[in-house]
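Undergrad:
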Amino acid sequence: MPAVSFQQVSKTYPTPRGDLHALQSVSFDIEEGEFFGLLGPNGAGKTTLISVLAGLARASSGRVLVHGSDVQSDYATARRRLGVVPQELVFDPFFNVREALRIQSGYFGMQRNDAWIDELLDGLGLADKATANMRQLSGGMKRRVLIAQALVHKPSVIVLDEPTAGVDVELRQTLWQFVSDLNKSRGSTVLLTTHYLEEAEALCGRIAMLKQGRVVALESTSALLARAASNVLRFKTDAALPIDLAVQARITGRVVQLPANDALAVERILARLREVGVSPEDIEIRKADLEDVFLDLTGTGGRPGPVPLPGETPPDAGAADTVTGVGARNA
Ligand SMILES: Nc1ncnc2c1ncn2[C@@H]1O[C@H](COP(=O)(O)OP(=O)(O)OP(=O)(O)O)[C@@H](O)[C@H]1O
1 MPAVSFQQVS KTYPTPRGDL HALQSVSFDI EEGEFFGLLG PNGAGKTTLI SVLAGLARAS
61 SGRVLVHGSD VQSDYATARR RLGVVPQELV FDPFFNVREA LRIQSGYFGM QRNDAWIDEL
121 LDGLGLADKA TANMRQLSGG MKRRVLIAQA LVHKPSVIVL DEPTAGVDVE LRQTLWQFVS
181 DLNKSRGSTV LLTTHYLEEA EALCGRIAML KQGRVVALES TSALLARAAS NVLRFKTDAA
241 LPIDLAVQAR ITGRVVQLPA NDALAVERIL ARLREVGVSP EDIEIRKADL EDVFLDLTGT
301 GGRPGPVPLP GETPPDAGAA DTVTGVGARN A
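Below you can see the structure in the form of structure tokens.
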């Protein structure tokens, strides 16, 4: 039996400008013990799908099962098996960290849960904050508590909705270490949405990509990577690219990246640049990554969210991230 089964899930929001189809017949299963990634550009429907799974939103049609229990008709059983880490920082300011975790355990009818609470505090780097009031914690520490709260009832399915958006590298590493350990040692199923494609590539065995509420890819991470052009030519330039290259390029500020499978493709690109008088700087060839596939499939012409990949220029730092941006920037 799958850990999670999405069956023909649709969700429509009525808006003043007509119905908005946030999810359209989304169907896929997540098997027990999988580390599964849900990716998609902003507005693709990731949070809506997770809200339906967590019983926070009702699907307009279709159904979602958690270990066979329907999240609507058998909410309590399904919810017990889910540990959902929300995007927003919501917390009760009146309690200290340990109290908050004990109260959360109580919601699930778990008494004497302190051994597990200690393990969570240790694993998430919160051991010295156990008696700190929630109000006194930094944003990063509060996020760690939210994660601990989601895991306090030992759920078999862990759902992480962009848990590392805007958090520092240290927390990201602590979190991934901890969740990977749970996945490997306890066999927990993990469903992760993230804007960091590198993270999905490193952690997820299988990935679903959503675009405008529909599944556009559902494959193992390695199969998705195999879809990418195997090499990418990367260089810097201030000049405008000729349109035939611009339409294939991924551009971040001065950095241009073009699919180039073999030496001949590299030569052709360089010859074309010479022809139009563009001199590329810092030329290198790298292996294609998940972002290349993502851009190909979702056609967003940019990365999937506002968070830059490590080592890249943030999109709001004057970078033109789309093909049309090339013309706009360099025309
Ligand atoms: N309560 C709502 N009422 C109307 N429209 C909504 C509501 N919640 C979400 N939407 C719309 O549904 C679509 C999917 O939104 P959703 O938040 O699920 O996307 P997402 O993939 O999680 O995006 P992001 O990466 O930005 O978080 C968007 O067009 C969004 O504007």
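Each residue of the sequence shown is one higher than the last, beginning at 1 in full-length UniProt numbering. Just so it is clear, CB atoms sit at the ideal spot from N, CA and C, and this is done for glycine as well.
(1) With V84 and V159 assumed to form a contact (beta carbons below 8 Å), what rounded beta-carbon distance in angstroms separates them?
(2) Residues bridged to L233 by DSSP?
(3) For ligand 1, is there any heavy atom lying closer than 7 Å to the beta carbon of Y13?
(4) Along the beta strand (DSSP E) that carries E219, what are the first and last residues, could you check?
(5) Does the pairing of the stretch 225 to 233 with the stretch 272 to 291 give three or more beta-carbon distances under 8 Å?
(6) For P93, which residues of its own chain have a beta-carbon under 7 Å away from its beta-carbon, when the five flanking residues on both sides are left out?
(7) Just checking G18 against ligand 1 - is the residue's beta carbon closer than 7 Å to any of the ligand's heavy atoms?
(8) Of the residues A263, T193, E88, L270, which one's Cα is nearest the Cα of K142?
(9) Pull up the DSSP beta-bridge partners for V84, would you.
(10) Buried or exposed for G187, please, with buried defined as at least 16 other CB atoms from any protein chain shown within 10 angstroms of its CB.
(11) Just the Cα atoms here: how many angstroms apart are S185 and G123?
(12) Out of curiosity, what's the CA-to-CA distance linking V4 and E275?
(13) Return helix, strand or coil for M134, following the three-state DSSP convention.
(14) Who are the Cβ neighbours of L264 in its own chain at under 6 Å, not counting the five residues just before and after it?
(15) Given this structure, state the Cα-to-Cα distance separating L224 from K11, to the nearest angstrom.
(16) Could you give the distance in angstroms between the alpha-carbon of V9 and the alpha-carbon of E32?
(17) In the DSSP assignment, find the unbroken alpha helix (DSSP H) run with D181 in it and report its ends.
(18) Taking only three categories from DSSP, how would you classify K211?
(19) Straight-line CA distance for G55 to D282?
TA: Concretely, from the data shown:
(1) Confirmed, Cβ separation roughly 5 Å.
(2) L258, I285
(3) yes
(4) 214 to 220
(5) Yes, the stretch 225 to 233 is in contact with the stretch 272 to 291.
(6) M134, R135
(7) G18 has its CB no nearer than 7 Å to any heavy atom of ligand 1.
(8) E88
(9) V159
(10) exposed
(11) 14 Å
(12) 54 Å
(13) If DSSP states are grouped into helix, strand and coil, M134 belongs with the helices.
(14) No residues qualify anywhere along the chain.
(15) Computed Cα separation, rounded: 27 Å.
(16) 20 Å
(17) 169 to 181
(18) strand
(19) 51 Å
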